[in-house]
Amino acid sequence: MQNDTLPLEQVLAAIDARAPAFTALADRIFDMPELRFEEVKSVAEQIAAMEAEGFAITRNVGGLPTAFMAESGDEGPCVAFLGEFDALAGLSQEPGALEPKTDTPGASGHGCGHNLLGSASALATVGLRDALRAAGVKARVRYYGCPAEEGGSGKTYMVRAGAFDGVDAAFTWHPCVFNFVQSAVTLGNIQAYFRFTGRPSHAAMSPQVGRSALDAMELMNIGINFMREHMPDDARIHYSIIDGGGISPNVVQGQAEGLYLIRAPRSEDVESLYARVTRIAEGAALMTDTTFEVFLDRVTAEMLPNRPLEEAMQRKFDEIGAPPFDKADFAFGDALQKAALTQEDIDACAVAYGGPDDYSKSFHDAVLPIAAKPGVLMGSTDVADVSWVVPTAQCLTATHAIGTPFHAWQTVTQGKLPSAHKAMVTASKVMAATALEAVQDPDLLRRAREELTKRLKGRDYFQRSTLNADLTPPTSSVRQH
């Protein structure tokens with residue numbers, strides 16, 4: 001059979017046949033939430049599922065113990081699906097509850113739906129492989145298990161190691177409250193620890209002897225606040241003081257440390273802001289007669305939209321349609337909106353994702369049209385790093401009720417519901433259908449590669465200065481310095 005004769009229905013049927021196994025996989029991963037770089041059990045579950053399907057497994061991709069690749073086929077175009085499976089700290093939640101409820105306070109939870117994300121991408125990989133094999137169509141199909149999207153940027157290390165070399169197109173998705181194809185630039189970022197060291201002393205008897213590292217940290221934050229007026233409107237700087245020097249007010253604090261996250265839609269702006277923040281830290285150290293050190297934690301690029309792939313994905317999404325929610329799904333969504341969500345939550349979702357602000361149902365059961373031109377999504381993802389080296393497209397499906405704030409208990413409580421399963425299977429179908437078109441249409445792949453070259457504007461991902469810093473792949477969620 002030639003590459004232009006495999007009908008879409010065969011791929012959709014293959015995904016439906018495997019869907020129960022992979023929704024069960026999503027539920028198992030939900031029940032074993034693990035933080036960035038520590039997803040040992042989740043990865044073992046995913047590898048076992050892909051090995052059972054006959055895929056060849058490559059472990060420790062990019063030097064990361066919880067990264068792997070599953071591959072089938074050795075000739076033809078190469079298409080890849082990206083999956084994630086890491087959780088977030090402090091978000092343990094009983095699924096299906098309409099209020100915060102957990103038996104393990106402080107434990108981790110899947111507050112961004114990554115139990116669904118990786119499982120759906122794996123399902124798309126298997127479904128496409130099955131259909132291609134049955135039809136005799138030659139292609140290489142890969143699934144990348146990618147750790148630590150939440151605060152670790154695992155894909156950055158994988159890209160730097162050449163893990164995506166030879167891939168013609170990459171596809172992924174993300175849980176959401178609306179159904180649409182993402183055509184937007186995300187925020188690139190740099191995250192770094194700033195540690196000040198002073199001289200401790202008795203705060204009453206000999207304060208003149210001490211040099212306060214905490215004063216330096218406070219002055220650094222004041223300096224950044226003054227800088228905010230003089231930086232791009234779409235840039236962001238967040239921070240957390242992770243060491244204030246202790247709890248004793250009668251001690252001149254000899255150490256203090258903060259974790260800073262600097263974001264903007266252009267890598268050039270991120271680099272510039274990071275340099276300015278570093279100079280502010282230097283000034284704070286000079287003013288307080290302390291010293292400071294910087295420990296670079298991660299660097300993430302901004303997403304490069306790929307219009308040819310996104311338009312192909314939109315066509316498939318329109319053809320496949322929204323998740324098939326039923327009365328029980330809407331009943332739960334209605335109850336959750338009433339019990340745990342506000343109109344402000346609902347309005348914020350519409351603003352964040354460009355969705356309708358007056359949708360009459362609690363679950364979005366339509367497909368939004370693609371944006372007329374790429375916009376800016378005020379968030380970050382390490383999928384962006386892949387988009388700098390491989391043409392990449394991403395869809396989002398309504399796994400959660402409208403108004404659900406991600407990185408919150410309301411997300412976790414919906415992570416094992418039938419509505420979430422239906423939306424993850426829909427995402428699998430949209431991704432696999434788009435990958436099928438890429439396999440069967442060499443011109444689509446050519447146009448996608450040309451689009452990537454155009455958006456790079458001569459920039460080389462591997463020449464970014466901060467990216468070339470001595471970043472060592474972490475092995476746990478705990479900071480390494």
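In this note's numbering, the protein residues as written are 1 to 481. For every residue, glycine included, the Cβ atom is placed at its ideal position computed from N, Cα and C.
Note on geometry: alpha-carbon atoms of Glu34 and Tyr143 lie some 20 Å from one another. Met227 sits in a helix when the DSSP states are folded into three classes. When the beta-carbon positions are compared, Gly63 and Ala161 come within less than 8 Å of each other. Taking a 10 Å sphere around the C-beta of Thr472, we find fewer than 16 other C-beta atoms and assign the residue as exposed. Taken in chain order, the unbroken stretches of beta strand (DSSP E) that lie wholly in the stretch 123-176 and span 3 residues or more are 140-146, 169-176.
Here Asp326 is exposed. Its C-beta has fewer than 16 other C-beta atoms within 10 Å.
The alpha-carbon of Ile280 is positioned some 6 Å away from that of Met220. Of the residues assessed, His202 falls on the exposed side of the cut-off, its CB having fewer than 16 other CB atoms within 10 angstroms. Of the residues assessed, Gly106 falls on the exposed side of the cut-off, its CB having fewer than 16 other CB atoms within 10 angstroms. Counting along the chain, Gly188 sits inside no alpha helix (DSSP H); it lies in the beta strand (DSSP E) bounded by residues 188-197. When the Cα atoms are used, Pro442 and Val181 turn out to be separated by approximately 22 Å.
Contact between the stretch 266-279 and the stretch 189-205 is present, with at least three C-beta pairs closer than 8 Å. For the 8 Å CB-CB criterion, Ile237 and Ile222 do not form a contact. The beta carbon of Gln414 sits closer than 6 Å to those of His400, Ala420, all from its chain and outside the five residues before and after it, given in chain order. Thr291 is positioned such that its CB atom lies no closer than 8 Å to that of Thr397.
Counting every other CB atom within 10 Å of its CB across the protein chains shown gives Asp86 a total of 16 or more, marking it as buried.
Shown here, His114 sits in a helix according to DSSP, grouped into three states. In the three-state reduction of the DSSP assignment, Phe292 falls in the strand class, which pools E and B. In this structure, Glu38 sits away from Thr381, with a CB-CB distance that is not shorter than 8 Å. Between His110 and the set Thr434, Trp409, Trp173, the nearest pair of CA atoms involves Trp409.
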